[in-house]
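Student: Questions regarding the structure given below will be posed in turn.
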Amino acid sequence: MGKLKRKDYQARLEPLQLELAAMARWLRHRGKRLVVLFEGRDTAGKGGAIGAIAEHLNPRQCRVVALPKPGERESTQWYFQRYVPHLPAAGEIVLFDRSWYNRAGVERVMGYATSGQVDLFLRQAPLFERMLVEDGVLLFKYWLCCDQAKQEQRFAERLEDSLKRWKLSPVDLEARQRYADYTRAREAMLRATHTPYAPWTLVDFNDQKRGRLTLIRDLLDRLPDTELPPQEIGLEPLPGKPHKERYRVLEPIPAWDGAAG
Numbered sequence: 001m002g003k004l005k006r007k008d009y010q011a012r013l014e015p016l017q018l019e020l021a022a023m024a025r026w027l028r029h030r031g032k033r034l035v036v037l038f039e040g041r042d043t044a045g046k047g048g049a050i051g052a053i054a055e056h057l058n059p060r061q062c063r064v065v066a067l068p069k070p071g072e073r074e075s076t077q078w079y080f081q082r083y084v085p086h087l088p089a090a091g092e093i094v095l096f097d098r099s100w101y102n103r104a105g106v107e108r109v110m111g112y113a114t115s116g117q118v119d120l121f122l123r124q125a126p127l128f129e130r131m132l133v134e135d136g137v138l139l140f141k142y143w144l145c146c147d148q149a150k151q152e153q154r155f156a157e158r159l160e161d162s163l164k165r166w167k168l169s170p171v172d173l174e175a176r177q178r179y180a181d182y183t184r185a186r187e188a189m190l191r192a193t194h195t196p197y198a199p200w201t202l203v204d205f206n207d208q209k210r211g212r213l214t215l216i217r218d219l220l221d222r223l224p225d226t227e228l229p230p231q232e233i234g235l236e237p238l239p240g241k242p243h244k245e246r247y248r249v250l251e252p253i254p255a256w257d258g259a260a261g
């Protein structure tokens with residue numbers, strides 16, 4: 001299957017985003033809570049997938065959560081505690097750009113967590129997720145897959161692109177040498193936390209555009225029929241001639257024309 005061209009990608013993405021908008025209306029109408037976890041190797045494409053989902057959704061309804069490493073106080077708490085405040089209320093969507101599974105991935109591979117802490121996490125994660133699901137949370141867990149050659153290509157692109165350079169960190173560069181270690185950590189995580197009530201779904205992201213479409217289609221197909229008619233809103237004619245903007249205190253700054261200087 002060849003790489004998907006941008007024009008074809010946009011043509012396939014638009015109807016999916018319309019379905020996502022309908023899904024958001026359904027969630028609000030039904031008072032449902034949706035949590036989607038995005039996990040995967042560095043450069044896999046988590047941010048792009050999240051962006052494709054959230055692009056046309058109300059940011060008051062749909063939140064992206066990407067937590068930094070735990071602070072000194074947080075590191076003494078129950079591991080799941082820092083994630084709980086970010087869970088959704090009725091009608092809300094939360095997209096986790098990495099999640100509590102940091103402990104089974106980067107923390108395990110890079111030695112930030114002890115083997116005892118990792119083992120405890122792998123025992124507790126299914127219990128934590130069972131509580132969420134039993135309480136009515138719609139929980140979806142995605143792992144984005146990419147080969148090492150593709151990962152290397154994307155690392156090089158980030159290094160050369162000033163707009164993507166911020167995505168590179170010393171941890172990322174060290175992770176390059178631990179591809180196999182991350183594979184072993186992922187497999188151990190899947191064995192312990194792939195459950196009937198909170199299963200994992202792996203999606204091939206060697207072609208990120210095709211991967212986004214596949215993930216969104218899967219998410220939509222696993223929800224009930226979410227089709228609800230949009231709220232009827234009428235735009236009555238204005239009573240008079242439209243007003244122009246008028247300024248008394250300050251004027252808008254001059255428009256930038258792109259010229260140098």
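Anchor point for the sequence shown: position 85 equals 85 in full-length UniProt numbering, and the numbering is continuous, going up by one each time.
Note that beta-carbon positions come from the ideal geometry of N, C-alpha and C, so glycine has one too.
(1) Kindly indicate which residue of Tyr182, Phe140, Asp225, Asp42 has the alpha-carbon position closest to the one of Trp166.
(2) What residue range is occupied by the uninterrupted alpha helix (DSSP H) comprising Leu173?
(3) In three-state DSSP terms, what is Leu219?
(4) Looking at the secondary structure, which residues open and close the beta strand (DSSP E) in which Val137 lies?
(5) To the nearest angstrom, how far is the alpha carbon of Gly71 from that of Arg108?
(6) Put Leu27 into one of helix, strand or coil per three-state DSSP.
(7) Kindly confirm or deny that the region 154-163 and the region 47-54 touch, where touching means at least three C-beta pairs closer than 8 Å.
(8) Along the chain, where does the alpha helix (DSSP H) containing Asp119 start, and where does it finish?
(9) Any beta carbon of chain B sitting closer than 7 Å to that of Arg12?
(10) Between Gly116, Gly111, Gln81, which has its C-alpha nearest Trp100's C-alpha?
(11) Go through its chain and collect everything with a Cβ distance to Ala176's Cβ below 7 Å, but skip five positions before and after it.
(12) Could you check what DSSP says for residue 278 in three-state terms: helix, strand or coil?
(13) Spatial neighbours of Gly45 within its chain, please: CB distance less than 8 Å, with the 5 preceding and 5 following residues excluded, ordered by chain position.
Tutor: So, to answer that:
(1) Its Cα nearest to that of Trp166, the residue Asp42 stands out among Tyr182, Phe140, Asp225, Asp42.
(2) Boundaries of the alpha helix (DSSP H) around Leu173: 170-175.
(3) Helix.
(4) That run of the beta strand (DSSP E) goes 137-145.
(5) Distance between the alpha carbons of Gly71 and Arg108 is about 18 Å.
(6) Under the three-state reduction of DSSP output, Leu27 falls in the helix class.
(7) Output reads no: the region 47-54 does not touch the region 154-163.
(8) Per DSSP, Asp119 is one residue of the alpha helix (DSSP H) stretching across 115-134.
(9) In the structure shown, chain B cannot be found, because there is only a single protein chain.
(10) Nearest of Gly116, Gly111, Gln81 to Trp100, Cα basis: Gln81.
(11) Reading off the sequence, residue 176 comes out as Arg, not Ala. Within its own chain, the residues whose Cβ lies closer than 7 Å to the Cβ of Arg176, once the five positions on either side in sequence are excluded, are Phe155, listed in chain order.
(12) Given that the chain is displayed from residue 1 to residue 261, the structure contains no residue 278 and the question cannot be resolved.
(13) By the criterion of a C-beta distance shorter than 8 Å, Gly45 is surrounded in its chain by Leu144, Cys146, Phe205, Gln208, Gly211, Arg212, once the five residues flanking it on both sides are discounted.
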